[in-house]
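Right, one structure below, let's go through it.
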Amino acid sequence: MHSSFAQKEADTLTKQTRDTVDVEIYQFVNDSVFEDAVYLDEVLILPKLQFTNKKDLREYLILQRKTKKVWPYAVLAAQRLDSLNVRLAKIESKSKRKRYTKMIQKYIEGEFTDELKKLTKTEGQILVKLMHRQTGETTFDLVKELRTGWRAFWYNTTANMFNISLKEEFDPYQVREDFLIEDILQRKFSKGSLEKQPPAISIDYYELTSIWKDKVQIFK
77 MHSSFAQKEA
87 DTLTKQTRDT
97 VDVEIYQFVN
107 DSVFEDAVYL
117 DEVLILPKLQ
127 FTNKKDLREY
137 LILQRKTKKV
147 WPYAVLAAQR
157 LDSLNVRLAK
167 IESKSKRKRY
177 TKMIQKYIEG
187 EFTDELKKLT
197 KTEGQILVKL
207 MHRQTGETTF
217 DLVKELRTGW
227 RAFWYNTTAN
237 MFNISLKEEF
247 DPYQVREDFL
257 IEDILQRKFS
267 KGSLEKQPPA
277 ISIDYYELTS
287 IWKDKVQIFK
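Residue 77 is where the sequence shown starts when you use this note's numbering, and the numbers rise one by one after that.
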């Protein structure tokens, strides 16, 4: 009877948790003791926002809108450029490298040219910074080894058009705007309104908030 009750409890536990988390149930032979191992994604406890003036609120909301707009492009461009460089490193033939690069170049140009031209200068710079966040390399370093036409594409559609630097890094520890961008990303990730992607550079959100909490004055 006792064993039947324990089995029923285990079945209930499994049913309740299977839809939300991965659960493994362990039962000892001739025993009604169950242990469960629950594997969860890391969840950040984000401090509540509280703005002391309209200027800071307006700045945050504008930055939030721009970050949300360029994030998908940053993720996609970083993935394409990173995979391209990895692939090129494995191709020994110079002629094959050129052909492969040209093929990918046309593909990415088709994906990004029209959309990049719609970005503002600020959005273009945020895009460059977020690409550094996602790859660990500046956009300049990512494209410098590629063919001339490919470099020209990036300079013509980003650097020259927006008058921005492709060498900009994402540094939320030192740059106020970069910290706000990271805060925005984490909040959007937690709500599911942006696709969560881990950074290629070392970022500790809790460490960042301890550094900036008295400087930005946007937290309760």
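We put the CB at the ideal spot given by N, CA and C, even for glycine. Computed from a prediction, not measured in an experiment: that's the story for all the values here.
Alpha-carbon spacing of residue i relative to residue j, whole angstroms
i      : j      : result
Thr177 : Arg134 : 42 Å
Pro274 : Lys131 : 31 Å
Leu152 : Val251 : 24 Å
Arg173 : Phe295 : 50 Å
Leu137 : Phe216 : 29 Å
Glu297 : Lys264 : Summary: the structure shown does not reach residue 297, with the chain confined to residues 77 through 296, and so no result is reported for it.
Arg163 : Glu283 : 35 Å
Ser159 : Met179 : 13 Å
Thr128 : Lys291 : 12 Å
Pro123 : Ser171 : 54 Å
Gly268 : Ser169 : 43 Å
Lys272 : Pro148 : 10 Å
Gly186 : Lys289 : 42 Å
Leu195 : Thr285 : 29 Å
Lys182 : Asn161 : 15 Å
Same chain, Cβ closer than 6 Å to residue i, neighbours up to 5 away in sequence not counted
i      : result
Ile260 : Gln140 and Thr143
Gln293 : Thr128
Limits of the alpha helix (DSSP H) - the one that residue i falls within
i      : result
Val22  : As shown, the chain starts at 77 and ends at 296. That puts residue 22 outside it, with no answer to give.
Asp247 : Note, Asp247: premise wrong, no alpha helix (DSSP H); not H, not E.
Lys174 : Lys170 to Leu192
Glu199 : Lys197 to Thr211
Asp217 : Thr215 to Val219
The ligand COA heavy atom lying under 6 Å from the CB of residue i
i      : result
Leu203 : Ligands displayed in this structure: none; no statement on the ligand COA is therefore possible.
Same chain only: Cβ atoms within 7 Å of residue i, ignoring 5 sequence neighbours per side
i      : result
Leu287 : The displayed chain sequence assigns Ile, not Leu, to residue 287. Only Tyr249 meet the Cβ criterion.
Glu202 : Reading off the sequence, residue 202 comes out as Ile, not Glu. Here the set comprises Lys142, Thr143, Val146 and Ile257.
Ile167 : Arg173 and Tyr176
Ile184 : Arg156
Leu120 : Gln262, Ser266 and Tyr281
Ala154 : Met207, Gln210 and Thr211
Ala150 : Leu203, Leu206, Met207 and Gln210
Beta bridge counterpart(s) of residue i as assigned by DSSP
i      : result
Phe295 : Leu125
Per-residue burial, residue i [other beta carbons within 10 Å of its own, 16 or more giving buried]
i      : result
Asp280 : exposed
Val219 : buried
Ala165 : exposed
Leu328 : Only positions 77 to 296 of the chain appear in the structure, and residue 328 is not among them; the question remains open.
Glu191 : exposed
Phe244 : Here residue 244 is Glu; the residue named in the question, Phe, does not match the sequence. Flag for Glu244 reads buried.
Thr189 : exposed
Cut-off 8 Å between Cβ atoms - residues of its own chain near residue i, not counting five sequence neighbours on either side
i      : result
Ile277 : His208, Arg209, Gly212 and Phe246
Ile240 : Lys197, Gly200, Gln201, Val204 and Thr234
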